[in-house]
Structures are given as structure tokens and as C-alpha cells.
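Protein chains in written order, with the numbering used here: chain A, 1 to 767; chain B, 1001 to 1125.
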Amino acid sequence: MRRLRVQLTILLALLGLLVMAWGATIFLGARDAARNSASVQLTVDRVDGLRQAATRLSRDFVTMDTSRRAYLLTGDQATLQAQIQAEEHASEGFGQLRRLALPWKGLPPLVERVGTEYRAWVRTGRTEVKARQAGAQAAARVAAKGFADRQFRALWERQTNLEDELAWRQAAYASSQGRTYKAAQTLAVRTAVMVLAAVLLIALYLRRAVGAPADALRSASGRLAGGDLGTPVELGVDNELGAVASDLETMRRRLAGRMEALERLRHLSAQVVGATSLQRLAEVVLDGLQPEIGATRAILGAARPGGDLVLRALAGFPDDGGVADDIVKADAEIRELLPMAALRGGQVVGMANLERVASSPTLHDLVARTGVRSLALVPLLSRGRFLGLLALCWTQPHPLDREQEALLGLAGNQIAGALEAALRLEEAERAAGEARAVFYAIADGVLLTDPFGRVTAVNRALEALTGWTEDEARGRTYAEVLPIAEDQVGGPADLVSRYGRKVPVTVSSAPIFDARGRVVGGVDVIRDVSKEREIDEVKSALISTVSHELRTPLTLIHGFAELLVLRDMPVERQRSSAVEILDASRRLARLIDDLLSVSRMESGRLVLDPRPLDLGTVVERILSPFRAMAATHTLRAKLPGSLPVVWGDPDKVEQILTNLVGNAIKYSPGGGEVLVTVEHDGDSVQVSVRDQGIGMSPRDMGQLFEKFYRVDRDEVRRAGGTGLGLYITKRLVEMHGGRLWAESWPGVGSVFSFTLPTSDELAGSGR
Amino acid sequence: MKLLIADDEPAVRDLVHVTLEGDDYEILEAADGVEALEVARGEGPKLVLLDIMMPRLDGLEVCRQLKSDPDTSDIVVVMLTAQAQERDRDQGLAAGADDYFTKPFSPLALLNMVERVRQTQSQAD
């Protein structure tokens, strides 16, 4: 990575150097220009001096030539003098010129050549002058030769060359001065352009390396701040800004990942809310979390009111029910394994490798059988209350990372809410189901109404009572379905059914309140009391009967005793009265015995004392007192030659026979024969008592052996009795393991038969 | 004086017999309601002691029939029953009975009652 600071520093340093170079260039250029300008000026001036010196020399040459010529012509001393003067002047000027030309390259030879010509010319001139002094002719001759003139012309040529050279040099120097200025100017302009270009380059660089990426960063961070996590952050620069961008991108990815996870959580939450059963909840949770964390199975447990966890649902396991059994069997070990304190504290606990933590053979076995290798335990808490536990299972060891832990913690909250709702729903459904079952199954009629008195529901019992089915009754008014006078509600009433049947009922009513105490309906419980009424009637009839039966002997006892005490009576009369008292007492005792027998039998306190019995002897024994008493009846026993020994309680068998024979006599008021037959029949002995009495119709026989039942005929009712005799008799026979039945024909007579087992074993239930 | 005792229980008839013995009463007996009516109509007793719970025809009905027949309506009818409830008493009186004895009854009280009836009858005669 190229460091932006370093780059910038380098750039600025370069720019500084450039600026410094520019400044230096301008400074140096200016200085050079100034210096050049001064030296050129000096040179020009010196060249000018040279030219002037050359010009003066030329003028001296001309003066010398002119003076010499004039002297030669005239010989005038003045001219000679002028010539000498000019010669001195020229020598001086020449020396000056020679001195001035000395520093100039190429000039001294030119000057020397002039000097050479000059000196030649001067010598020739002097010769001519001497010739003149010698006379005019000599002079003329010499002059005629013209040496001096030719030399002068050569000198002049040289001198002209020199002057030309000087003039050229002067012009050259002047133009060189102009060139120096121009060069300095050009350099300055070039440097300025370079500086400008450098500044532009730096600006461009800054724009590219800093400005654009900063803008991009700004907009990327703006997008992130605005919640756009979909667009990647990319700068394409390799510096600090690029690093910031890459950090931002990482952040964006993580945030996007989080958002995605949250989104999935939200989705999961929406799904779990819809899960109404714990099984469904477990499946939905597994479906939702599987893509996030890779767990393939889930176990859901709910806390019982006591706090114990109970397995409630499995998801993702093979559907054979074996896993549930295995888990339930290992309940105690699993309990020990679970870090309940941490879980109750709401902490997600990972168990990366169950094989390592499984502490008992049972758990090892469970791990092997279920194929679960690692777990994530997600506590389900709602408002701090531990509701249950979700165990997510992997079939491979799976360490939980922080992100998954956090996700599961969040998911746990959602699931806990759903679990609470599902548990509540389950409870409500159970309660509603119970209520519904009670409502429909209850034996009393129940009718529900809305606040306007319209029927909303009736149960089966009420359907039967009123004749309205629930569908028909719904929406009708209370009075229509249940026509009961207002003042009868709460007490006994007569309900007239839809088909006119009159049923005695009691009605109790109560309003139904909602949570805020408003009446939202009413419930009426209608009890069919016809049975109770019947029982009441039976009871009062029974009391009447018992009272009559008790009072009759009591009357005799009381009456004869009073007479014995208060009246004088002959001895025989006294005796017969005492006999009456005795008889009545016996009768009273028998009645009380019967009532007690029933009571004992019903409470299970009557116990048989069985022993071997000779039935023939028993029959004869009970028949003899009847024979003595019943004058109009013939009592006969028909016994086979040999009888097997039967097992029975002698007192109870006697009681059975006495009751049956007593009835036979009682219900054959016209007298006749009473025949007792004993027959051996396989494992049992059958005893029959036949009479020639009033008999019974089949209708009368229906409830013959029921307690307190008395055939509803004047003869029977008025014959006395408690209605207990046959009931007791039948119970006694059955206690012996036998059977009692009756055959009868109205007006012809009845046969009552019973069996007693001959085996040792008493199969009866009364033991 | 003739009187009739109607009761299905022979011992009760015996008791009445013994109670009224020796006082010059002519005691007629009946074992059921039908017999009681027959005897009452045939013999014309001055007093009838009627048990309520009797075979064939109950005492209340016998009483009703006796009281509705002008020939027998003069007969004093005394109900003699084991039923002691208020309801039974009212039924008896509604049927036209003149008095009501509840079993167990005092034979001497019965004797007194019969004596009173005889005196009333003899005064009327």
C-alpha cells in the first residue's frame, strides 16, 4: 500500500523544489542578463573606444598623409611641422589602439598588421621628407616613384579592415546583448509553465488519490447510514482511504449478514407465532434455524409447573418414536448433564462434542443411538421465567461461534414467546375440551344463552329433555326451548317438551361474566328430577309399607299387653293373649331381621359360614312349622333317594327356603298344595317351590327380585310384607354361587327355583 | 249393639274381640273390604271399625260407599289404620269417617269410644 501521507509529502516536496528551481532560474537568469548586459555594454563601449581610437588614427593617418604631401609639394615648414605633429599623434593613438585591442581575441594581429604597414609607410614618408629637404627635385623623383602612396593605400586598407572588424564586432556584441535577454525570458516562461504543469498534475493527483475516493467514501458512508447495505463499498485506490473503504466494506458485509440474519429471525418469528402446537413449533424452528447454523435436528422440552423439563417435541429425527423413548429413559442422566443454572440465567450453552461430556454409559448409548454429536442448548425464557429448552442437534461435532450464540439467544426470545403462547393455547384447548366434554356429557340438561336470551348451545341431556336438537335450538329464545314459568326457575318445575311430554325438573341459573365483570350470557342447568320423584314416591311407599308392617305387630303387642295389664281375663284368654304377643313379637323380629339383612348385604358385611348340608333334612325342618300354621295348605316335599352333600350356610339356606315357602303360602290365599322338589343336576342341586296361588303376569315379574319391589296388585300389596324377602333370597342364593328364578301363570300359580353347588368351592361373590 | 271389625289381620280382629268381650256386644268380622261392605249392608251394625289397607277393597273406599248409601250412612265409621300421617287422616275424614284410631291403639280407649257410641245410640233410640 502506498501511504497517502508519504505520497503527498513527496509531491509537495517536489512542488517546493520546482518552485524553488523556478525562483532560482528567474533570479539567476535576471542576474545573468544583468551581468551580460553590463559586460556587453562595456564591450560595446570598449569596441566603441577602439573604433574611435581607430577613427582618430585614421584621421591622423590622413592628416599625416595630407601634411606630408603638402610639404613635399611646397616644402612648407608648417606643413612639415603639422606632419610631424600628426605623426606623434598617430604614434600615440596607435599605442592606445594597440593597448585597447590587446584583450580582444583576433584584434592584435590586425592591429599589428596595421602597425607593420604604418611603420613601413612612416619610413618611406621620412625618406621622402629627407629627399624634400634635400631639394625639390630629389623630392620630385622620389615622389614620382610613389612608394609612399602605395604604402599609404596598403595602410589604409589595413586600417579599414580593422575598422570594419571593429564595427562588425560592435554590432555582434549589441546583438548578443539582445539574445541574452531573450534567453532569460524564455527560460523564465518555460519554468513558469513547468510549475503550472506541476501544480496541475498535483491537483489532478489529489483529485484522483484523495478527492474522488473521499467523495466515494462519503457517499458510501451515507448509503450505509441510510441503511443501504446492498451496494458494495469499492474505491479502487490503494491507500489509507482504500483501507477505510475496505474496512467499511467489511463492516457493510457483516451488517448485511446481521441484517439478513435478523430478517431470517423476523421470518422465523412470524413463522413460530403461527405454530400452535409444540410439535409444529419444533419443526418450524428447525426449518428456520437450519440454514443459519446447520443443525439438523431439534428437541423441545417444556418446564412443568414444578420446574422439571419434560420432552415435548422432536423434529428432524427418524419418525419411529424410538428416540423419544430413549430420551425419556435417560431422563435422570440428561438432567444431570444440563447446566440448568446457566440456562435459567438465559445463557445459550453449546456442547461441541457430546461424546466427550457424556458421563454415563446410558448417555453414551443415547449419543450412539440418536446420532447426535453436539448440541446447542437455547433456554426459552419469557419475562425471566424459564419456560423450556430448545436443543439444536448436529450429527457432527460443532463448536458454537459467537455470532451463532448471539443469533440463538435472539431466536430463543422469539421461540419463548411462541412457546408460551402455544402452551397457553394447549392449556386453553385442554380446558375448553374438558369444558366441552363436561358440557355435552353431563347428565343434567345445560343450556347456554347470550345476553339477549337467545340459545347458543344445549347439551345432549337437554336435547333429550326438550326434544329440540342443538342445531334447531340455536338462535331461538330461551322461553321457546325451555318453557318454564319465571317463578319456577331455581325450584322444582314442570318442563313441557316440544312433543308435549311433561318432565319434573329443577332449574338453576347463573349469569356468565367476562373478565371485566360484564354479563356475556347465562347458563341454565336443568335437572330431570323424575327419578328423584319416583324414588321419593318409592321411599314414601316403602316407609308406608314398613310403617304398616311394623305397626301391625306393635298394635297386637301393645293391645294384648294393655288388656293383660288392665283387665281381668280368664286364664285361657290371658294365655291366648300372651301367644298373640309372642307371635307379633316374632313377626316384628323377622321384619327387623330382614331390614338388617338388607343393610348388611348392601354394605358387604354379611358373610357366609358354609358347611356340608343335607338338604333333605333342611327341607323337612323348615316345612314342619308351616304345616302347623297353614291349615288350608298342603305342604309336601319330593326328595330323591340319595342326595349329594351341598355346601351352604345352614341358617342362610333355611332362610331361603323359609322365604320361598312363606311366599307360596302367602300368595295362595285360596290354599292348595305347596310342593318342594329337590333334584340333583350335575354339579348342582336344584330346589323348586311350587304353589297353586294367584300367580303373576310376565309384566309383574319384571322387577320381582328388586329391593322394595312389590307387585302392584291389591292382593299382593295387601298381603303385607316388606318387599325385601325375594331380594334377600336372591342375594343369598347368589352368594352361595347359585341361581334363583321364577316361573308363573296368573291364576294358576308360581314356581320359584334355585340351585346350590355341590362342589366344595363356593363360586359366589358374597364370601 | 252390633259392631263390625274389618281387618285382614286376624290377630287384630282377635284383639278387638278380646277388648270388647263380655260387654254384650255382637261382634261381626270381615277379612277384606268387600266382605266388610257385605256384612255392613247385611247385618246393619251401628259401628264399623275399618282398617284402611285391606285386600280387594281398601277401607277408605268401604267408608265412602257406606256413607254414600242412605241405608248405611247412619253407621258410625271409625278408621283403624297403621298409617299415621296427617295426609292419611285427612283422607279418612274426607271419606266420611267419624273417628280415627292409629295403630298401635289403646284397647281401653277403643272400648271407651265404643261405649260412647252405644250411649249415643241408646239415647237416639
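C-beta atoms are modelled at their ideal positions from N, C-alpha and C, and glycine is treated no differently.
Note that the coordinates shown come from a computational prediction; the quantities given were computed from them, not determined experimentally.
When the Cβ atoms of the stretch 503-511 of chain A are set against those of the stretch 423-437 of chain A, are three or more pairs found closer than 8 Å?
-> no
Could you name the residues of the same chain whose beta carbon sits closer than 6 Å to that of residue 667 (chain A), not counting the 5 residues immediately before and after it, in chain order?
-> 693 and 694
Locate the alpha helix (DSSP H) running through residue 1107 (chain B), then write down its first and last residues.
-> 1107-1124
Following the continuous alpha helix (DSSP H) through residue 539 (chain A), name the residue where it begins and the one where it ends.
-> It spans 530-566 - the alpha helix (DSSP H) in which residue 539 (chain A) sits, taken as one unbroken run.
Spell out whether any CB of chain B is found under 9 Å from the CB atom of residue 552 (chain A).
-> yes
With which residues is residue 1005 (chain B) paired in a DSSP beta bridge?
-> B:1029 and B:1049
Assuming residue 556 (chain A) contacts residue 580 (chain A) under a Cβ cut-off of 8 Å, what Cβ separation, rounded to an integer in Å, is found between them?
-> 6 Å
Can you give me the Cβ contacts of residue 125 (chain A) inside the same chain, cut-off strictly under 6 Å, excluding the 5 residues immediately before and after it?
-> 68 and 148
Cα-Cα separation, residue 1049 (chain B) to residue 577 (chain A) = Using only the alpha carbons, I get a separation of about 20 Å.
Taking Cβ positions only, does residue 580 (chain A) come closer than 9 Å to chain B?
-> yes
State the CB to CB distance for the pair residue 337 (chain A) and residue 327 (chain A), rounded to an integer number of angstroms; the pair is presumed to be in contact (CB under 8 Å).
-> That pair is no contact at about 12 Å.
With 9 Å set as the bound, which would you pick, yes or no: does the beta-carbon of residue 1062 (chain B) sit closer than that to a beta-carbon of chain A?
-> no
So is residue 595 (chain A) in contact with chain B if we call contact Cβ pairs under 9 Å?
-> no
Using beta-carbon positions only, say whether residue 553 (chain A) and residue 1055 (chain B) come within less than 9 Å of one another.
-> no
Would you please verify whether the beta carbon of residue 584 (chain A) is less than 9 Å from any beta carbon of chain B?
-> yes
Given a threshold of 16 other Cβ atoms within 10 Å of its Cβ, counted over all protein chains shown, does residue 684 (chain A) qualify as buried or as exposed?
-> buried
Anticipated Cβ contact below 8 Å, residue 300 (chain A) with residue 281 (chain A), distance rounded | 7 Å
Distance, residue 644 (chain A) Cα to residue 531 (chain A) Cα | Cα-Cα distance, rounded: 47 Å.
How is the beta strand (DSSP E) around residue 1100 (chain B) delimited, first residue to last?
-> 1099-1102
Residues bridged to residue 415 (chain A) (per DSSP) = DSSP, once it has assigned bridges, lists no residue as partnering residue 415 (chain A).
Is the CB-CB distance between residue 1004 (chain B) and residue 1029 (chain B) below 9 Å?
-> Contact annotation: residue 1004 (chain B) and residue 1029 (chain B) have beta-carbon atoms nearer than 9 Å.
Rounded to whole angstroms, what's the CA-CA distance from residue 652 (chain A) to residue 610 (chain A)? Just pull it up for me.
-> 9 Å
Taking 9 Å as the CB-CB cut-off, is residue 548 (chain A) touching chain B?
-> Contacts with chain B at 9 Å (Cβ-Cβ) include residue 548 (chain A).
Ignore the nearest five residues each way along the sequence and tell me which others in residue 350 (chain A)'s own chain have a CB closer than 6 Å to its CB.
-> 376 and 400
Give a yes or no on whether the C-beta atoms belonging to residue 526 (chain A) and residue 495 (chain A) are separated by under 9 Å.
-> yes
For residue 513 (chain A), the residue or residues it bridges with in DSSP = Answer by DSSP bridge pairing, in chain order: A:519.
Output yes if chain A places a C-beta closer than 9 Å to the C-beta of residue 1099 (chain B); else output no.
-> no
Counterpart residues of residue 393 (chain A) in DSSP-defined beta bridges = A:297 and A:375
Could you tell me whether the stretch 285-296 of chain A touches the stretch 388-395 of chain A, where touching means 3 or more Cβ pairs closer than 8 Å?
-> yes
Can you tell which of A:403, A:417, A:254 and A:154 has its C-alpha closest to the C-alpha of residue 274 (chain A)?
-> Selected option, being the one with the closest Cα: A:417.
How should residue 1112 (chain B) be labelled, buried or exposed, when 16 other C-beta atoms within 10 angstroms of its C-beta is the threshold for buried?
-> Residue 1112 (chain B) is exposed by the Cβ-count criterion.
By how many angstroms is the C-alpha of residue 541 (chain A) removed from the C-alpha of residue 1068 (chain B)?
-> 29 Å
Over what stretch of residues does the alpha helix (DSSP H) that includes residue 314 (chain A) continue unbroken?
-> Unbroken run through residue 314 (chain A) is the beta strand (DSSP E), 309-315; no alpha helix (DSSP H).
Does at least one heavy atom of the ligand NAD sit under 8 Å from the Cβ of residue 573 (chain A)?
-> For the ligand NAD, the structure offers nothing, since it holds no ligand at all.
Per DSSP, which residues does residue 1065 (chain B) bridge with? Please list them.
-> None; residue 1065 (chain B) has no bridge partner.
Contact set between residue 724 (chain A) and chain D, taken where Cβ atoms lie within less than 9 Å | In the structure shown, chain D does not exist; the protein chains are A and B.
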